[in-house]
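What follows is a set of notes on a single structure, which appears directly below.
Protein chains: 2
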Amino acid sequence: MYLLENKGVTAPKGFYASGIHCGLKKNNSKLDLALIYSEVAGNAAGVYTKNKVKGAPIYITKEHLINKKAQAIIVNSGNANTCTGDDGLLKAKEMAEFQAKALNIKTDDVLVASTGVIGVPLNIDKIKNAIPLLSKKLSTEGSEEAAYAIMTTDKIKKQLAIEFTIGDKTVTIGAIAKGSGMIEPNMGTMLSFLTTDLNISSELLEEALRESTKISYNRVSVDGDTSTNDMVLIIANGLANNEKIVSKNNDYYNFLNALNKINVSLAKMIARDGEGATKLIECIVYNAPNKEDAEVLSKSVINSPLVKTAIFGNDANWGRILCALGYSGININPNTIDLYFKSELAEIKVCENGKAIFFDELTAKKILSKEEVKILIDMKSGTEAAVAWGCDLSYDYVKINGEYRS
Amino acid sequence: MYLLENKGVTAPKGFYASGIHCGLKKNNSKLDLALIYSEVAGNAAGVYTKNKVKGAPIYITKEHLINKKAQAIIVNSGNANTCTGDDGLLKAKEMAEFQAKALNIKTDDVLVASTGVIGVPLNIDKIKNAIPLLSKKLSTEGSEEAAYAIMTTDKIKKQLAIEFTIGDKTVTIGAIAKGSGMIEPNMGTMLSFLTTDLNISSELLEEALRESTKISYNRVSVDGDTSTNDMVLIIANGLANNEKIVSKNNDYYNFLNALNKINVSLAKMIARDGEGATKLIECIVYNAPNKEDAEVLSKSVINSPLVKTAIFGNDANWGRILCALGYSGININPNTIDLYFKSELAEIKVCENGKAIFFDELTAKKILSKEEVKILIDMKSGTEAAVAWGCDLSYDYVKINGEYRS
Chain A
31 MYLLENKGVT
41 APKGFYASGI
51 HCGLKKNNSK
61 LDLALIYSEV
71 AGNAAGVYTK
81 NKVKGAPIYI
91 TKEHLINKKA
101 QAIIVNSGNA
111 NTCTGDDGLL
121 KAKEMAEFQA
131 KALNIKTDDV
141 LVASTGVIGV
151 PLNIDKIKNA
161 IPLLSKKLST
171 EGSEEAAYAI
181 MTTDKIKKQL
191 AIEFTIGDKT
201 VTIGAIAKGS
211 GMIEPNMGTM
221 LSFLTTDLNI
231 SSELLEEALR
241 ESTKISYNRV
251 SVDGDTSTND
261 MVLIIANGLA
271 NNEKIVSKNN
281 DYYNFLNALN
291 KINVSLAKMI
301 ARDGEGATKL
311 IECIVYNAPN
321 KEDAEVLSKS
331 VINSPLVKTA
341 IFGNDANWGR
351 ILCALGYSGI
361 NINPNTIDLY
371 FKSELAEIKV
381 CENGKAIFFD
391 ELTAKKILSK
401 EEVKILIDMK
411 SGTEAAVAWG
421 CDLSYDYVKI
431 NGEYRS
Chain B
31 MYLLENKGVT
41 APKGFYASGI
51 HCGLKKNNSK
61 LDLALIYSEV
71 AGNAAGVYTK
81 NKVKGAPIYI
91 TKEHLINKKA
101 QAIIVNSGNA
111 NTCTGDDGLL
121 KAKEMAEFQA
131 KALNIKTDDV
141 LVASTGVIGV
151 PLNIDKIKNA
161 IPLLSKKLST
171 EGSEEAAYAI
181 MTTDKIKKQL
191 AIEFTIGDKT
201 VTIGAIAKGS
211 GMIEPNMGTM
221 LSFLTTDLNI
231 SSELLEEALR
241 ESTKISYNRV
251 SVDGDTSTND
261 MVLIIANGLA
271 NNEKIVSKNN
281 DYYNFLNALN
291 KINVSLAKMI
301 ARDGEGATKL
311 IECIVYNAPN
321 KEDAEVLSKS
331 VINSPLVKTA
341 IFGNDANWGR
351 ILCALGYSGI
361 NINPNTIDLY
371 FKSELAEIKV
381 CENGKAIFFD
391 ELTAKKILSK
401 EEVKILIDMK
411 SGTEAAVAWG
421 CDLSYDYVKI
431 NGEYRS
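Heads up: the protein sequence lines correspond to chains A and B, in order. Note that my numbering has the first sequence beginning at 31, numbered continuously upward. Note that my numbering has the second sequence beginning at 31, numbered continuously upward.
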């Protein structure tokens, strides 16, 4: 099993992609419409935002996935098509219809996603006008363009592929993703589109995606507070020709492993590229009484604005971490907790049994000044663990969100 | 009933206060030790942080309030005396003992509070050395000094008094308070100390304080996520000589009204002086199915970093408000929600039935550029309402929390 860092959704057999500037973003040089296409319809699954306010594309994509089949995904950035009423639903449907016609496939085999500003009517004509060229541009080299076209405030394009074997067959999973507003991903839409040539039943594909999402994207900053438009979609076209996976056998877990690997890698890329972020923060809570507690605790820390600003300032202000554990809602015993900061440079213990211990502040500062910082939390009250990823809170976060509008 | 804006804890009969620089704050010109004293012991009550990690003073103050009596409150800033283990508890106890001796009163009639950095041993000698002068300085003019001495990153001192009548007696409530880290008050300790010359049973005093805290301090940004050291204390010394309140009669509700008025005013002062804040945001959710839902919804909005940054940028990005309502955990119907922005300038409707409507962006910008901005949310699904207060999220919040350490 190995990661292919320069490949994306077109790495698996039979997948094509493209990206184009259709005019939803004002800047002419920025791509804003992406297409992913499989030469045969595949089994497909989706995981969606739990927000009560949902973007129009969420409704259309869910509807089109009732039969658990899909062949294409069309995605625009620059407008979320959310809080746009019936008009928004009609336009999301129209996007799928137009794209289906251009590719000569069934409308309900086209999935739709949008990301960008909320509450502004979608200019569907710009999309319609661009669909012919977008479709024509489809190629096995198109993943990078598609990755650029789904970006909003992201600074770095996110694509990745992973190869593994099932029996004598090589199977590939490819992906493009976007994140953004990272201080609580409450609005910065998180999108991830996965392709694979694996041959698997739609039920198991869906279950694997759901499981994998839980320990990857849902561990980026807080979850539950998901955006109106978040979604993770996967299409499996079966062209790897492996023996079809229809039960939870070794092959299934092989696949789940690879899926987890690519999703966790993308989740970390999303966290690291959080709005205004200068650092990736990984928070590991271990020796907790159970997994659920560990998860809530790790997210409470990763999501604390005061922890985030302290890390931004290279300040080993561990009291803020203890405080975030204390208000998490979990019934903790502060008097058993040890805290460590760690980076490529070194590891340093800063708190023992919930109390201050002597540590070298300068060393701590150096550790925290690295681009990847780990917060290790030993609960000493069990055997379970969880990890969450986030980023620091910088001036640029305020700048981006005080000024950015589309 | 009227507010006395230049008075504080020494406004009620028989109360004295003082403030001094004892050396816990490095800057010599900054006061860091405060004392409030009543010439007779009074009934007293406290409301404390729900954080599982609690500062040492919380334990000692709770212990000293078992008999529901108190005569003095000593408060230091510059060190929270939290995560300091048994040593911290001993020192909090010692603070009370020393102060009691100096005033020649009982140790358990002295309440203790601390605010500042976590996990650093408290230099108790500096406090002990300062207590004689601090006690000597007590005066009816000392409220302002005490208000300064409890500040950390607060920019504005917070004191207030309110006068009302019960029968033919004038009753006064006085207060000093501090806030600070306002983006979720998860660490910025919120302290409020109230004095009154009211004659009331300790049970009803406690109940009134608890009720009043719920609709005032607990509505500032999010609650539940309270700091390790938050507390609200009140001493009622009875010197107003009103007929003692021992049941929930009109007099009780008169008092509760005045208490609510002073606490809500202080809560708004705390929100407005949030770290880095340039504006006070008031979020009113109305026509909700019930009070609890309205409260959760209003806090979800007031606490969203993306709403806060939008208001900082004078950006009428109402989609972020709808999103915060959507992820609040409350089962809302987005299709009945109307949104308005309001300030002294004007009111503007920006969303109807969960959908975009036309509004003049320039007018909206002007409305949002005022120092006090209201977000009005008409749920059109019931008759209940709640209000929450918060502040915008600015560059200075990041600066203060990325750099501030004591």
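Here a beta-carbon is modelled for each residue, glycine too, at the ideal position from N, C-alpha and C. Small disclaimer: the values here were computed from a predicted structure and weren't measured.
| Query | Result |
| --- | --- |
| Assuming Met261 of chain A and Ile88 of chain A make a contact with CB atoms under 8 Å, what is their CB distance in whole Å? | 7 Å |
| If the cut is a Cβ gap below 8 Å, which residues of chain A does Val315 of chain B touch? | Result: empty, since nearest Cβ-Cβ is about 15 Å, beyond 8 Å. |
| Rounded to the nearest angstrom, what separates Leu190 of chain B and Asp303 of chain B at their Cα positions? | 15 Å |
| Name, please, each residue of chain A whose Cβ falls closer than 9 Å to the Cβ of Gly115 of chain B. | Asn365, Asn383, Gly384, Lys385 and Ala386 |
| For Gly149 of chain A, which residues in chain B fall below 7 Å Cβ to Cβ? | Trp348, Gly349, Cys381 and Ala386 |
| Around the Cβ of Val70 of chain A, are there at least 16 other Cβ atoms within 10 angstroms (buried) or fewer (exposed)? | exposed |
| Under a three-way DSSP split, which group does Asp408 of chain A fall into? | strand |
| For Leu120 of chain A, decide whether its Cβ has a neighbour in chain B, counting only Cβ atoms nearer than 9 Å. | no |
| Closest by CA to Ser341 of chain B, which one among B:Ser373, B:Glu93, B:Lys121 and B:Met299? | Note that residue 341 of chain B is Ile in the sequence shown here, rather than Ser. The shortest Cα separation from Ile341 of chain B among B:Ser373, B:Glu93, B:Lys121 and B:Met299 belongs to B:Ser373. |
| Using the C-alpha atoms, what's the distance from Asp155 of chain B back to Leu61 of chain B? | 16 Å |
| Examine the Cβ distances between the segment 414-426 of chain A and the segment 178-187 of chain B and report whether three or more of them are shorter than 8 Å. | no |
| I need the boundaries of the beta strand (DSSP E) containing Met261 of chain B, first residue and last residue. | Met261 to Ala266 |
| Would you tell me roughly how many angstroms separate the C-alpha atoms of Thr308 of chain B and Glu401 of chain B, rounded to the nearest one? | 7 Å |
| With H, G and I counted as helix, E and B as strand and the rest as coil, what does DSSP make of Val252 of chain B? | Annotation note: pLDDT 43 at Val252 of chain B (below 50); position unreliable, coordinate value reported separately. The answer is coil: DSSP assigns Val252 of chain B none of H, G, I, E or B. |
| So which residues on chain A does Phe389 of chain B lean against when the C-beta distance must stay under 7 Å? | Neighbours of Phe389 of chain B on chain A: none; closest Cβ ~10 Å, over 7 Å. |
| Nearest by alpha-carbon distance to His51 of chain A: which of A:Ala386, A:Ala160, A:Tyr370 and A:Thr91 is it? | A:Ala160 |
| Quick one: is Ile362 of chain B near chain A, going by C-beta distance under 9 Å? | yes |
| Which residues of chain B have a Cβ atom closer than 9 Å to the Cβ of Ala143 of chain A, listed in chain order? | Going along chain B, no residue has its Cβ under 9 Å from Ala143 of chain A, so there is no contact; the nearest lies around 17 Å. |
| My guess is that Cys381 of chain B and Trp419 of chain B are in contact by the Cβ rule of under 8 Å, so how many angstroms apart are they, rounded? | Going by Cβ atoms, the distance from Cys381 of chain B to Trp419 of chain B rounds to 22 Å, so no, they are not a contact pair. |
| Compare the Cα-Cα distances from Ala176 of chain A to each of A:Ala207, A:Ile157, A:Ala270 and A:Ser330 and report the closest residue. | A:Ala207 |
| Looking at the C-beta of Gly38 of chain B, does it have a partner C-beta in chain A at a distance below 9 Å? | no |
| Along chain A, which residues have their Cβ under 7 Å away from the Cβ of Gly356 of chain B? | Asn81, Lys82, Val83 and Thr258 |
| In the DSSP assignment, what are the bridge partners of Phe223 of chain A? | A:Ile206 and A:Leu263 |
| Does the CB of Phe371 of chain A have a neighbour CB from chain B at under 9 Å? | no |
| Quick one: is Ala191 of chain A near chain B, going by C-beta distance under 9 Å? | no |
| Determine the DSSP secondary structure at Lys274 of chain A, reduced to helix, strand or coil. | coil |
| Less than 6 Å between C-beta atoms, sequence neighbours within five positions excluded: which residues of the same chain meet that for Lys274 of chain A? | Asn229 |
| How far does the alpha helix (DSSP H) with Phe388 of chain A in it reach, from first residue to last? | Note, Phe388 of chain A: premise wrong, no alpha helix (DSSP H); not H, not E. |
| So, is Lys166 of chain B buried or exposed, given that buried needs 16 or more other C-beta atoms within 10 angstroms? | exposed |
| Rounded to the nearest angstrom, how far is the Cβ of Leu224 of chain B from that of Ile203 of chain B, given a contact under 8 Å? | 6 Å |
| Near Ser399 of chain A, what residues of its chain come up, given a Cβ to Cβ distance below 7 Å and the 5 sequence neighbours on each side ignored? | Asn344 |
| How about Tyr283 of chain B and Ile407 of chain B: do their beta carbons lie closer than 9 Å? | no |
| Return the residue from the list B:Ala110, B:Ile196 and B:Cys313 that minimises the CA-CA distance to Leu63 of chain B. | B:Ala110 |
| Flag this pair as touching only if the segment 316-335 of chain B and the segment 346-360 of chain B have three or more C-beta atom pairs under 8 Å; answer yes or no. | yes |
| For Gly304 of chain A, would you say it is in contact with chain B, using Cβ-to-Cβ distances shorter than 9 Å as the test? | no |
| Under 9 Å Cβ-Cβ, which residues of chain B neighbour Thr195 of chain A? | Result: empty, since nearest Cβ-Cβ is about 41 Å, beyond 9 Å. |
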